[in-house]
Each structure stands twice: as C-alpha cells, then as structure tokens.
Amino acid sequence: MSDRSTFMKLREDEREVRKSLIINAAMKLFEEKSFHDIGMRDIAAEAGVSAASIYRYFPSRDDLFVEALIQDINSIEGLLEQRLTNDGTIEDLAVAVVDYLIDNEATFQMMCHFMIRGEVNTRALKKFNAVQRYFLKMFDEMVKRAGGAENIRFFSHAFFASLAGVVMTFRNYPGRNSEERRRYMHKLALLIMREGNSLDEDVFEKDLAEMRSKKNS
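Numbering (the working numbering), first residue to last: -11 to 205.
Below is the structure:
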C-alpha cells in the first residue's frame, strides 16, 4: 500500500471514529433530555467537537438521527434473536419488542420523529425508509419463526404498529410507577397478539410470570 493510500485510510478511519463519537454523544443526550430540546450545538458540546465541524459529518440533525438508528439496528436484531431461542412464541416476541422500546428511549423517540413529522429532508427520509424496510423484513423473519400468520408482511406491519402505539400511549401513564406501566404494556401486548380472545387478568399474570421465568433460566 502506498503512503498516500495509507494516509487516506487513516483519514477515513479517523472520520468514522469521529462520527461514532458524535452519534454516541447524541444517544447519551437523548436519554437525559427531551428529544426536541436537543440541538446540534448540544450534541457537539457533548462530543467535544466544534458546532461548525459537526456539520462536516452530518449535514442536518435528521441525518444524524437516521445514522444513529442504523447503528442501533444490530442491537435490536440481537435482542429479538435472543428472545426467540428455546422455542420462543409470538407472545415472547411481542413482550421483547415492548421492552426494547421502553428501555431504549432515544431510539423510540427517533423512530417516532421520522414516522410522525412530514418535513424531514429527502436525503434523511430516504435513509430512514431503507432502515424501516430492513426493520420490518427482520420482523417478517421473527414472526415466521414464532409461528405467525400466513400473510407475514401484513401481519408484521400490524404487529409493530400496534406495539409501538401501546408504548407511545402508556409509557408515561400517570398514577403508576415504571414497573407497573411496563407490566400493563406487557398485558396489552399479549391481548393484541391474542386478538382479544383472553381478557382474564389472572391468565395474563400467569403467562407473564412464565415468560419471566423462562427468560431468567
């Protein structure tokens, strides 16, 4: 490898390290502050770079958000794979998705940002649509393995949209602590998967206890 090639590779490696540093700083801030209260200057300060230089890596906040989502996809896939080992069911998958969206506030807020806002720049929206397609394709595989419906794509769309709606509606539900809210969202997830066929509170408690026992074993 020539000296110039080596130099260019080092420059590219440095660029990727700097991008990861900025993304990690953004994710840290998203866990601490309201999503819409964080600007590029805040992220630059947390990452230890100048506000001007951050735009060399990410032309806009939306570009930064979608890159963070791309980086996070692997952890989502790994978590769902783990939950589906040992003959995991569609109910196990539903509870795993709810847990992931609760425990990863930054990721959930970024997903909602792109799904709800209409004025996202075209470049970032194109990347997000690619992420979303990959995400739903991953769900297709998980649903198929867990014994889901025949029309896999239609089912996985309804599956994810319903669970995201549960978390969006009840993640800050008043009058309950965080663990009570989580348990309530688990019950709603099971109800959705069973299409309302079992409304017995004791049945849900029993099934959730069995899931927790299997997860911890």
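Every residue, glycine too, gets a C-beta built ideally from N, C-alpha and C.
{"Check": "Taking the beta carbon of D25 as the centre, do at least 16 other beta carbons fall within 10 Å, making it buried, or is it exposed?", "Outcome": "exposed"}
{"Check": "Would you identify the three-state DSSP class for I10, choosing helix, strand or coil?", "Outcome": "helix"}
{"Check": "Mark G184 as exposed unless 16 or more other C-beta atoms lie within 10 angstroms of its C-beta, in which case mark it buried.", "Outcome": "The pLDDT assigned to G184 is 49, lower than 50, so where the model puts this residue is not dependable; a value taken from the coordinates is nonetheless given after this. Exposed: under 16 other Cβ atoms inside 10 Å."}
{"Check": "Determine the DSSP secondary structure at T110, reduced to helix, strand or coil.", "Outcome": "helix"}
{"Check": "What's the gap between the Cα of H174 and the Cα of E93?", "Outcome": "17 Å"}
{"Check": "Within 10 Å of its beta-carbon, does E79 have 16 or more other beta-carbons around it, so buried, or fewer, so exposed?", "Outcome": "buried"}
{"Check": "I'd like the span of the alpha helix (DSSP H) that includes D87, first residue to last.", "Outcome": "78 to 91"}
{"Check": "When you compare each of A146, S48, G27 to A82 by their alpha carbons, which one comes out closest?", "Outcome": "A146"}
{"Check": "Please report the distance separating the alpha-carbon of K114 from that of L89.", "Outcome": "23 Å"}
{"Check": "Helix, strand or coil: which one does DSSP assign to K132?", "Outcome": "helix"}
{"Check": "Kindly indicate which residue of D60, A84, L151 has the alpha-carbon position closest to the one of E69.", "Outcome": "A84"}
{"Check": "Just to confirm the assignment, what range does the alpha helix (DSSP H) spanning Y161 have?", "Outcome": "Per DSSP, Y161 belongs to no alpha helix (DSSP H) and is neither H nor E."}
{"Check": "In terms of alpha-carbon separation, which member of S166, S150, R170 lies closest to R182?", "Outcome": "S150"}
{"Check": "For the region 12 to 64, which segments carrying the alpha helix (DSSP H) assignment without a break, of at least 4 residues, lie completely within its bounds, in sequence order?", "Outcome": "28 to 35, 39 to 45"}
{"Check": "Which residue from S22, G76, T95, R49 puts its Cα closest to that of I58?", "Outcome": "T95"}
{"Check": "Helix, strand or coil for N139, going by three-state DSSP, please let me know.", "Outcome": "coil"}
{"Check": "V131 and F116: beta carbons closer than 8 Å?", "Outcome": "no"}
{"Check": "In whole angstroms, what separates the C-alpha of E4 from that of E198?", "Outcome": "44 Å"}
{"Check": "Expressed to the nearest angstrom, what Euclidean distance is found between the alpha-carbon atoms of Y161 and E168?", "Outcome": "10 Å"}
{"Check": "Are at least three pairs of beta-carbons, each pair with one atom in the region 32 to 46 and one in the region 10 to 24, less than 8 Å apart?", "Outcome": "yes"}
{"Check": "Considering only residues of the same chain and omitting the five flanking positions on each side of I180, which have a CB-CB separation below 6 Å?", "Outcome": "S150"}
{"Check": "What number of angstroms, rounded off, separates the C-alpha of A177 from the C-alpha of A40?", "Outcome": "44 Å"}
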